[in-house]
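Below: one structure, written as structure tokens.
Numbering (my numbering), first residue to last: -11 to 443.
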């Protein structure tokens, strides 16, 4: 009996000793700041792990997770590198600088009980789709992205593994999903993409460099921006603007008048993003000779920059150019311009052939009226979600996300139960974006770069 009691005491003591060893803090060196592991996790701080076994070192790592018994790091190529806590002697901060956390707060805004129930059901539906989509990698990746935000580690790890695969395009696609959940995008992967001979990889890397704030990409992006191909110049323009490169302003103003619509839209985005007041007077001067679509582009930039000339010009175009009236009405109505609101209400009441283009304008019309404060337009969204045209329903989900109004969650309940997993996942994504403002912000930025997501 005494022997058994003694053995139990030894086992308990050994267990306590083991727990104490595991939970003991890991020394963090290389910086004058007072730093804990929680300050490092999820940031871009470069670290060196010093191991107890012969003082071996593993450099250029970022701390991704802190678990009970181990630390999980990411290499510069996106490879997952786990180390047991009791094998680590210390962690050195390279360059002595602790970067700010990249992952934003994912707490949802306060929702009504009926909305929260739909959000909870959306999480459950996403998990089902993730588990049942092994034969559809794009769908599984997107489901994993959403599921990772609910704390599902296996979904998060699935994306990290893809980011560390041998297929560069797949790696970049996975990196985009990591951006959406607020995780660190491997900078070395962006660099590989920009230097790649694959066109798709270079285009994706250009877009990701701007989203991830990778300033080292600027020298590589500038030649892409000057390229005649819109496939390179448009994403490079947006990326350089996101990286606050004001050296491109002169070229952007010329790009604003390019015949290709995508170049013009990229210039509008970049000029708006850079918020440089020095371009305003020059654009006003160009208004004297501009006409049609070029005049509209200038007016949009001036409006976005907050110059009163912008709204005046939009109103002038609305009254003067019948072919541009519908497009301009969408912008003006969302900002409370009564003539535009009346135009859209009249158009909404009119019977039109249910072509895809007419239904798409009907959806945008409803969005603008909802933004202006007209709640009756919600019924139009409800009607369009019953359409058998996938492009139309997908557009409605996107427009709901842009609006960001939680009351729209109610309309999405039938859609998340749809038997088509791609349709249901799009609906779930809209629900989660309306519940998590930080995710919604990233999703809207991501869609500017990658508007077409196919399952």
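Just so it is clear, CB atoms sit at the ideal spot from N, CA and C, and this is done for glycine as well. Here the structure is a predicted model, which is why all the values come from computation and not from measurement.
Local Cβ density within 10 Å of residue i, reported as buried at 16 or more and exposed below that
{"i": "residue 55", "result": "exposed"}
{"i": "residue 98", "result": "exposed"}
{"i": "residue 334", "result": "exposed"}
{"i": "residue 287", "result": "buried"}
{"i": "residue 324", "result": "exposed"}
{"i": "residue 141", "result": "exposed"}
{"i": "residue 403", "result": "buried"}
{"i": "residue 460", "result": "Outside the displayed range of the chain (-11 to 443) lies residue 460, so it cannot be described from this structure."}
{"i": "residue 33", "result": "buried"}
{"i": "residue 423", "result": "buried"}
{"i": "residue 72", "result": "exposed"}
{"i": "residue 235", "result": "exposed"}
{"i": "residue 192", "result": "buried"}
{"i": "residue 185", "result": "exposed"}
{"i": "residue 121", "result": "buried"}
{"i": "residue 161", "result": "buried"}
{"i": "residue 273", "result": "exposed"}
{"i": "residue 364", "result": "exposed"}
{"i": "residue 154", "result": "exposed"}
{"i": "residue 159", "result": "buried"}
{"i": "residue 44", "result": "exposed"}
{"i": "residue 101", "result": "exposed"}
Beta-carbon gap between residue i and residue j smaller than 9 Å
{"i": "residue 319", "j": "residue 356", "result": "yes"}
{"i": "residue 417", "j": "residue 134", "result": "yes"}
{"i": "residue 220", "j": "residue 239", "result": "no"}
{"i": "residue 284", "j": "residue 309", "result": "yes"}
{"i": "residue 329", "j": "residue 321", "result": "yes"}
{"i": "residue 247", "j": "residue 280", "result": "no"}
{"i": "residue 426", "j": "residue 170", "result": "yes"}
{"i": "residue 295", "j": "residue 262", "result": "no"}
{"i": "residue 181", "j": "residue 209", "result": "no"}
{"i": "residue 172", "j": "residue 31", "result": "yes"}
{"i": "residue 245", "j": "residue 282", "result": "yes"}
{"i": "residue 428", "j": "residue 392", "result": "yes"}
{"i": "residue 270", "j": "residue 249", "result": "no"}
{"i": "residue 486", "j": "residue 317", "result": "This structure does not reach residue 486, given that the chain is present from -11 up to 443, and the question cannot be answered."}
Contacts around residue i, its chain only, beta-carbon distance under 7 Å, and the 5 residues preceding and following it disregarded
{"i": "residue 202", "result": "175, 178"}
{"i": "residue 118", "result": "128, 131, 132, 135, 143"}
{"i": "residue 360", "result": "321, 322, 324, 329"}
{"i": "residue 433", "result": "199"}
{"i": "residue 113", "result": "404, 412, 416"}
{"i": "residue 188", "result": "157"}
{"i": "residue 252", "result": "244, 246, 285"}
{"i": "residue 21", "result": "86"}
{"i": "residue 58", "result": "70, 71, 72, 73"}
Same chain, Cβ closer than 8 Å to residue i, five either side skipped, listed in chain order
{"i": "residue 399", "result": "366, 369, 370, 373, 388"}
{"i": "residue 68", "result": "52, 60, 61, 62, 145, 148, 149, 152"}
{"i": "residue 351", "result": "368, 369, 372, 380, 383, 384, 387"}
{"i": "residue 41", "result": "75"}
{"i": "residue 237", "result": "259, 262, 264, 266, 267"}
{"i": "residue 39", "result": "45, 46, 71, 75, 76, 77"}
Same chain, Cβ closer than 6 Å to residue i, neighbours up to 5 away in sequence not counted
{"i": "residue 29", "result": "51, 54"}
{"i": "residue 204", "result": "none"}
{"i": "residue 430", "result": "168"}
{"i": "residue 438", "result": "none"}
{"i": "residue 18", "result": "80, 81, 84"}
Beta-carbon separation (whole angstroms), residue i vs residue j, contact threshold 8 Å
{"i": "residue 275", "j": "residue 301", "result": "7 Å"}
{"i": "residue 218", "j": "residue 260", "result": "Rounded, the Cβ-Cβ distance is 19 Å, inconsistent with contact."}
{"i": "residue 70", "j": "residue 60", "result": "5 Å"}
{"i": "residue 229", "j": "residue 243", "result": "About 11 Å separates the two Cβ atoms, so there is no contact after all."}
{"i": "residue 194", "j": "residue 212", "result": "6 Å"}
{"i": "residue 306", "j": "residue 298", "result": "About 13 Å separates the two Cβ atoms, so there is no contact after all."}
{"i": "residue 103", "j": "residue 420", "result": "In fact, because the Cβ distance is near 12 Å, the residues do not count as touching under 8 Å."}
Residue i CB to nearest heavy atom of the ligand SAM below 8 Å
{"i": "residue 389", "result": "Although the ligand SAM was asked about, the structure shown includes no ligands whatsoever."}
- Should the region 385 to 394 be called in touch with the region 356 to 370, which here means at least 3 C-beta pairs below 8 Å? Result yes; three or more Cβ-Cβ pairs closer than 8 Å.
- When the Cβ atoms of the region 372 to 380 are set against those of the region 331 to 351, are three or more pairs found closer than 8 Å? Yes: the two stretches touch, three or more of their Cβ pairs being nearer than 8 Å.
- Are three or more beta carbon pairs between the region 100 to 119 and the region 37 to 56 nearer than 8 Å? The answer is no - the region 37 to 56 does not touch the region 100 to 119, with fewer than three Cβ pairs under 8 Å.
- Item | the region 215 to 229 touching the region 266 to 276, judged by at least three CB pairs closer than 8 Å | Contact between the region 215 to 229 and the region 266 to 276 is absent, because fewer than three Cβ pairs lie under 8 Å.
- Item | At least three beta-carbon pairs within less than 8 Å, the region 10 to 26 to the region 66 to 86 | Yes, the region 10 to 26 touches the region 66 to 86.
- Check whether the region 21 to 36 touches the region 126 to 141, counting contact only when three or more Cβ pairs, one atom from each stretch, lie closer than 8 Å. Counting C-beta pairs closer than 8 Å gives fewer than three between the region 21 to 36 and the region 126 to 141, which falls short of the contact rule.
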